[in-house]
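Chains A and B, in that order, are what the protein sequence lines are. According to our numbering, the first sequence holds residues 6 to 117 in order. According to our numbering, the second sequence holds residues 480 to 594 in order.
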Amino acid sequence: GENVEQHPSTLSVQEGDSAVIKCTYSDSASNYFPWYKQELGKRPQLIIDIRSNVGEKKDQRIAVTLNKTAKHFSLHITETQPEDSAVYFCAASGANDYKLSFGAGTTVTVRA
Amino acid sequence: EAGVVQSPRYKIIEKKQPVAFWCNPISGHNTLYWYRQNLGQGPELLIRYENEEAVDDSQLPKDRFSAERLKGVDSTLKIQPAELGDSAVYLCASSPAGRAQETQYFGPGTRLLVL
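Set out below in structure tokens:
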């Protein structure tokens with residue numbers, strides 16, 4: 006089955022700086038890569054996703070890049086704000102696969 | 480639109496006791512998922528329903544876990560008897576049309592502590 010590894014496990018950044026989280030996956034057939042944000046005690050919420058037919062996708066301060074050859078994808082958050090503090094999870098699934106395989110999560114802390 | 484609703488939000492039980500979690504998906508969503516999230520880990524799928532049919536229960540520990548979605552809407556996940564290692568957050572999610580790679584919308588979860 007799919008194995009998703011996520012790094013780093015914790016990330017502390019100064020407000021206004023950028024944050025980057027990286028994930029690798031094992032199944033070359035995977036082609037859907039969502040990112041979820043989970044604030045303490047709250048539900049995971051989708052913040053951005055990418056499919057394998059594109060290499061990059063942006064939504065305001067958030068961007069995701071995908072390298073299918075290397076089997077890794079990354080989340081980039083620019084101009085970080087205190088409300089960006091949360092746990093971020095990457096996930097992967099295949100073309101005919103309903104199951105999301107999640108990474109272990111990255112705890113992001115934005116210092117004011 | 481209301482999101483996925485789960486209850487209870489917290490549950491503390493002693494080992495060997497039974498426990499049940501309830502989920503109400505977003506209205507109109509045919510696909511329902513139950514995930515387990517251990518501390519410091521990402522969610523792991525336990526079971527997926529398409530309407531009232533369990534189409535993927537390969538990760539469900541069937542010796543003690545059971546689930547149902549009788550009318551294709553609400554769902555209940557049960558553990559009997561609970562073990563210490565079952566302490567986790569149980570998340571329910573739903574998606575609209577049962578297509579692969581649809582966005583999954585999560586509920587707030589039920590935090591279970593087994594003593």
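For each residue, glycine too, the CB sits at the ideal point set by N, CA and C. Everything numeric in this text was worked out from a predicted model, so none of it was measured.
Span of the beta strand (DSSP E) around residue i
i: GLU7(A); result: Unbroken run through GLU7(A): none, as it is neither H nor E.
i: ILE505(B); result: Premise fails: ILE505(B) is in no beta strand (DSSP E) and is neither H nor E.
i: TYR514(B); result: 510–516
i: ALA567(B); result: 567–574
i: ASP102(A); result: First-last for ASP102(A): undefined, no H or E at that position.
i: VAL484(B); result: 484–486
i: PRO587(B); result: Careful: PRO587(B) lies outside any beta strand (DSSP E) and carries neither H nor E.
i: GLU600(B); result: Only positions 480 to 594 of chain B appear in the structure, and residue 600(B) is not among them; the question remains open.
Distance, residue j Cα to residue i Cα
i: LEU71(A); j: ILE492(B); result: 44 Å
i: LEU51(A); j: CYS95(A); result: 10 Å
i: SER23(A); j: ARG543(B); result: 45 Å
i: LEU600(B); j: LYS550(B); result: Missing from the structure shown is residue 600(B); chain B here goes from 480 to 594 and no further.
i: SER537(B); j: SER98(A); result: 16 Å
i: GLN516(B); j: GLU20(A); result: 29 Å
i: ALA561(B); j: ALA75(A); result: 42 Å
i: SER14(A); j: THR29(A); result: 14 Å
i: ARG488(B); j: LEU594(B); result: 17 Å
i: HIS81(A); j: LYS495(B); result: 45 Å
i: ALA576(B); j: ALA533(B); result: 15 Å
i: LYS63(A); j: ASP54(A); result: 10 Å
i: PRO87(A); j: ARG590(B); result: 26 Å
Spatial neighbours of residue i in its chain, beta-carbon cut-off 6 Å, leaving aside the 5 residues before and after
i: THR114(A); result: SER17, SER90
i: ALA499(B); result: THR555, LYS557
Under 8 Å by beta carbon: chain B residues contacting residue i
i: PRO4(A); result: A question about residue 4(A) goes unanswered here, because the residues of chain A that appear run from 6 up to 117.
i: GLY110(A); result: GLY519, GLN520, GLY521
Of the listed residues the options, nearest to residue i (C-alpha basis)
i: PRO39(A); options: ALA579(B), ARG590(B), SER537(B); result: ALA579(B)
i: ASP41(A); options: VAL483(B), TYR584(B), ARG590(B); result: Just to set this straight, residue 41(A) is Tyr in the shown sequence, not Asp. Comparing Cα-Cα distances from TYR41(A) to each of VAL483(B), TYR584(B), ARG590(B), the minimum goes to TYR584(B).
i: LYS73(A); options: ASP64(A), THR83(A), GLN86(A), ARG56(A); result: ARG56(A)
i: VAL552(B); options: LYS490(B), ASN530(B), LEU525(B); result: ASN530(B)
i: SER506(B); options: GLY586(B), TYR569(B), ASP565(B), ALA481(B); result: ALA481(B)
Proximal residues to residue i (C-beta, below 8 Å), its chain only, five neighbours per side dropped
i: LEU511(B); result: CYS502, PRO504, ARG527, TYR528, ARG548, SER554, CYS571, ALA572, SER573
Residues near residue i by beta carbon distance below 7 Å, same chain, minus five either side
i: LYS27(A); result: HIS12, HIS77, SER79
i: TYR514(B); result: PRO522, GLU523, LEU524, LEU525, LEU570, ALA572
Contacts of residue i in chain B (Cβ-Cβ under 9 Å)
i: PHE94(A); result: GLY521, PRO522
Chain A contact residues for residue i, given Cβ-Cβ distances below 8 Å
i: ALA579(B); result: TYR37, SER98, GLY99, ALA100, ASN101, ASP102, TYR103
i: ASP535(B); result: TYR103, LYS104
i: THR589(B); result: Neighbours of THR589(B) on chain A: none; closest Cβ ~11 Å, over 8 Å.
Residue i: contacting residues in chain A (beta-carbon distance under 9 Å)
i: ARG527(B); result: TYR103, LYS104
Partner residues on chain C for residue i, Cβ-Cβ distance less than 7 Å
i: PHE78(A); result: Among the protein chains in the structure shown, which are A and B, there is no chain C.
Closer than 7 Å at the beta carbon, the chain A residues around residue i
i: THR555(B); result: Within chain A, no residue comes near THR555(B); the closest Cβ sits about 19 Å away, beyond 7 Å.
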